[in-house]
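Q: In terms of my numbering, the sequence shown is numbered consecutively and its last residue is 552. The structure that follows is given in the form of structure tokens.
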Amino acid sequence: MNIYYREERLCGGLSGNGGKQNWLDRLLERPRQARTREAFPLDDINRVLHNHHNSFGCSVKAPMGNIMWRSEALHYTLPCDVEAYIPRHISFTDGQRDFYLVVIGDACELRVWPDSRLWERQEAHWFSHQPVTDYRDFKALKVAFDALLVHVRKEDRLAGH
392 MNIYYREERL CGGLSGNGGK QNWLDRLLER PRQARTREAF PLDDINRVLH NHHNSFGCSV
452 KAPMGNIMWR SEALHYTLPC DVEAYIPRHI SFTDGQRDFY LVVIGDACEL RVWPDSRLWE
512 RQEAHWFSHQ PVTDYRDFKA LKVAFDALLV HVRKEDRLAG H
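Pasting the structure below:
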């Protein structure tokens with residue numbers, strides 16, 4: 392499960408298509424970014440992305456417990472002939488909704504992509520991801536991420552690291 396960006400930079404409070412949030416979400420954007428940095432330290436994210444047992448996904452007992460990740464970023468041409476950037480990321484799903492912890496450079500952000508399951512997409516659908524604004528989703532992602540860290544550490548120990 393990949394997520395697509397128009398360029399090689401985080402979207403912050405904007406949608407992937409550049410749309411703005413409502414005024415309340417814009418007001419809460421800065422505290423949300425700080426909470427994300429605190430809850431998802433870059434060292435822990437990199438521990439997952441560059442694990443020693445060469446895994447790229449797993450299932451854990453947690454909400455959003457089906458998890459995959461991409462440890463290398465790349466540029467890609469979409470089927471609609473638009474250039475896109477696929478950043479390093481960890482994707483979480485419950486089978487209904489897809490969430491992403493995206494890393495570009497030394498910063499990260501949480502995204503939800505409502506159109507990720509569409510089979511046929513127009514250009515706007517490829518970039519329709521939004522910032523995660525619901526605190527219940529944030530908490531569920533934090534629980535899943537913590538369970539993922541436990542799993543990765545265990546697998547790394549079994550791999551001799």
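Quick reminder that beta carbons are idealized off the backbone N, C-alpha and C, glycines included.
Are F529 and L492 touching if we call contact CB-CB under 7 Å?
A: no
Q: Taking the straight line between their C-alpha atoms, what separation do you get for C402 and Q424?
A: 12 Å
Q: Who are the Cβ neighbours of S519 in its own chain at under 8 Å, not counting the five residues just before and after it?
A: The beta carbon of S519 sits closer than 8 Å to those of S406, G407, N408, W504, P505 and D506, all from its chain and outside the five residues before and after it, given in chain order.
Q: Within 10 angstroms of its Cβ, does H542 collect 16 or more other Cβ (buried), or is it exposed?
A: buried
Q: List the whole-angstrom C-beta distance separating M392 from T484, where the pair is believed to meet the contact cut-off of C-beta under 8 Å.
A: 7 Å
Q: Which residue's Cα is closest to the Cα of Y526: R426, Q412 and E398?
A: R426
Q: Cα-Cα, which of V494, R488 and D472 is closest to H480?
A: V494
Q: Please return the same chain residues whose Cβ sits closer than 8 Å to the Cβ of E463, not counting the five positions on each side in sequence.
A: R479
Q: Which whole-angstrom value describes the C-beta separation of E500 and P522, a residue pair presumed to lie in contact below a C-beta threshold of 8 Å?
A: At roughly 7 Å, the Cβ-Cβ gap stays under 8 Å, so E500 and P522 are in contact.
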